[in-house]
Amino acid sequence: MEVKSVVDRAVAGEDLDEQEVTFLLGLRGPDLNAAAAAADALRKEQVGDVVTYVVNRNINFTNACILRCKFCAFSRNYRNSEAFMLPIEEVVRQAEEAWNLGATEVCIQAGLAPGMDWRLYPKILEQIKARVPNMHIHAYSPEEIWYGSRLSGMNYSDFLRTLMGAGLDSMPGTSAEILDDSIRKIISPGRLPVNEWVKIIKAAHSLGIPTTATMMYGHVENLAQRAEHLLLLRDIQKETGGFTEFVPLSFVPYRTELNSSGVVKWAPTAFETVAIYVAARLALGWHIKNLQVSWVKEGPRLAQAILAAGANDFGGTLINESISTSAGSSHGQFMNPREIRRLILDAGRVPAQRSTTYKIIKHFTEVEDGNPIPLEGAVYSEEKFGSFNELIADKKFRFSRRSP
Ligand code: SF4
């Protein structure tokens, strides 16, 4: 297979097949450089030079979970002294604080707390909307929808309708990892199978709930399984049009069972990561035009470099990232919009703050904003924002069977 012929087909708008995508994912050296240049040119044609970001806050309201995914360093057994559950008032307080700091979105995901009353899911949404009605609520992974549906006895569509009625605006397309059941059995036994993930995503899209599309790569899967995952996402998008963006997430192995048991020794390399973005732009770009780089997974410098390999979105400020941090990611829990703009401008592109659904809020020509939103002036400190470790240490948030 030749790089040029595969790239030419992608640029002409033809759908690449599994062998071609697998080929792209394995490129290195000058071939990867050539394909990255083509992906960058295709990005320019499809979405222009603007690089977007969203000002958001993550709220992971409990780490107590009935599952033990081997890639997850965040969850705890409910008996563990580190298991926490934020009361709804604390979730609402964090959302309101984020709104007052200039955030437009809260991203809410959590463990599957044992013995949980399913009504907690809509209650959280209702109470946030009651306090901050214009905050966009991006909440609940397909795994949580699966759990909530089972607990409530509702089918996916009815459960999602209940959440919409309570204030759900969009959903993260997480808990996808690699959409291959043989991989899921190894890395996350007991997790929802591929066909249920697909059903939940399609049910959400058919109700008008947009979702992201994700892929967590770099553990036990091979290149062909990555390619199949990308093509499955492409097929869903062709049917529903409900994905807002694709977000590759490189696996952070440190402190996970996959790492301590010797199954996964290393995190993906920089070139492995670049190849993912190149393949994603070339294979998905005509269908899912927004390709997000995760600074929390890749670090700010690699994230910036990936902007030259097909990406057009820098993700969110996060404010309280805790999932990757738990697994040993050292890139922090928050990135100030000023720093995001600096990296985008230095890449020769145009920064723009967006909404969750990619409406442009404001373009920028400089790192500094003449009229700073409050978040710009907020110096990150654990005292100000709280932190995952503080939550664990704070006994008042300790999980108990009565918490939910
Ligand atoms: S990934 Fe989610 S479902 Fe799996 S153990 Fe962690 S919190 Fe629980």
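Using our numbering, read the sequence shown as starting at 885 and increasing by one per residue.
Using N, Cα and C, we set each Cβ at its ideal position, and we do this for glycine too.
State yes or no: is the C-beta of S1072 nearer than 7 Å to some heavy atom of the ligand SF4? yes
Using the Cα positions of I1084 and W1030, report the straight-line distance between them to the nearest angstrom. 8 Å
Check each candidate in D1042, I1012 and T1058 and name the one with the smallest Cα separation from Y1024. T1058
Residues near the ligand SF4, CB to any non-hydrogen atom under 5 Å, in chain order? C949, L951, C953, C956, S959 and G995
For the candidate residues M1219, P1026, L1191 and F968, whose alpha-carbon lies nearest to that of P1331? This structure gives no information on residue 1331, because the portion of the chain shown stretches from 885 to 1288.
Neighbourhood of E1061 by C-beta, 6 Å cutoff - its chain only, sequence neighbours within 5 removed: Cβ within range, chain order: M1100.
Would Q903 be called buried (16 or more neighbouring beta carbons within 10 Å of its own) or exposed? exposed
Which parts of the segment 909 to 959 are runs of the beta strand (DSSP E), unbroken and 3 residues or longer, counting only runs that do not cross its ends? Counting only runs of 3 or more, we get 934 to 938 and 940 to 943.
Use the C-beta contact count for V1263: other C-beta atoms within 10 angstroms, 16 or more gives buried, fewer gives exposed. Interpretation of V1263 is limited by its pLDDT of 43, a score under 50 that renders its predicted location unreliable; the figure taken from the coordinates is listed afterwards. Exposed, by the Cβ-count rule.
Three-state secondary structure assigned by DSSP to S1265: Any reading at S1265 must be qualified, since the residue scores a pLDDT of 47, below 50, and its modelled position is unreliable; the value itself is stated next. In the three-state scheme derived from DSSP, where H, G and I count as helix and E and B as strand, S1265 is classed as coil.
Pull up the distance between the alpha-carbon of R1225 and that of G1125, whole angstroms please. In this model, R1225 and G1125 are separated by some 29 Å (Cα to Cα).
In terms of residues, what are the limits of the beta strand (DSSP E) holding M1099? Counting along the chain, the unbroken beta strand (DSSP E) around M1099 starts and ends at T1095 to Y1101.
Mapping DSSP to helix, strand and coil, what is F1043? Of the three classes helix, strand and coil, the one that applies to F1043 here is helix, per DSSP.
Taking the straight line between their C-alpha atoms, what separation do you get for R963 and F1283? 8 Å
Start-to-end residues for the alpha helix (DSSP H) that takes in T1157: A1154 to L1168
Closest by C-alpha distance to P1132, when choosing among K1181, W1170 and K1149: K1181
Whole angstroms are fine: how far does the CA of I1244 sit from the CA of E1129? 15 Å
Residues in its own chain within less than 6 Å of Y1161 by CB, not counting five upstream and five downstream? Cβ neighbours of Y1161 beyond the five flanking positions: I1190, A1193, G1194 and A1195.
Between the C-alpha atoms of A967 and I1067, what's the straight-line distance to the nearest angstrom? 28 Å
Could you give the first and the last residue of the continuous alpha helix (DSSP H) run that contains L1076? Looking at the DSSP string, L1076 is not in any alpha helix (DSSP H), and its letter there is neither H nor E.
Sequence-distant residues of the same chain with beta carbon closer than 8 Å to D1230, five excluded per side: Q1188
Taking C-beta to C-beta, are V1136 and H1103 nearer than 8 Å? Inclusion of V1136 and H1103 in the CB contact set at 8 Å is not warranted, their separation being larger than that value.
Alpha carbon to alpha carbon, how far is A1111 from A923? Give it in angstroms, no decimals. Distance between the alpha carbons of A923 and A1111 is about 16 Å.
Should the segment 996 to 1015 be called in touch with the segment 974 to 986, which here means at least 3 C-beta pairs below 8 Å? yes
Should E1266 be labelled buried (16 or more other beta-carbon atoms within 10 Å of its own) or exposed? With a pLDDT of only 48 at E1266, under 50, the local geometry of the prediction cannot be trusted, and no value is derived from it.
Classification of E989 by the beta-carbon crowding that lies within 10 angstroms, buried from 16 upward: buried
Let's see if you can read the secondary structure: which residues bound the alpha helix (DSSP H) around G999? Note, G999: premise wrong, no alpha helix (DSSP H); not H, not E.
Report yes or no: do the segment 1138 to 1148 and the segment 933 to 949 share at least 3 C-beta pairs separated by less than 8 Å? With a cut-off of 8 Å, the segment 933 to 949 and the segment 1138 to 1148 do not count as touching, because too few Cβ pairs lie within range.
Best match in K1086, P1077, I972 and E1156 for proximity to K1122 [C-alpha to C-alpha]: K1086
How should K1069 be labelled, buried or exposed, when 16 other C-beta atoms within 10 angstroms of its C-beta is the threshold for buried? exposed
Report all residues from its chain with a CB closer than 8 Å to the CB of R893; omit the five preceding and five following residues, and keep chain order. L900 and E904
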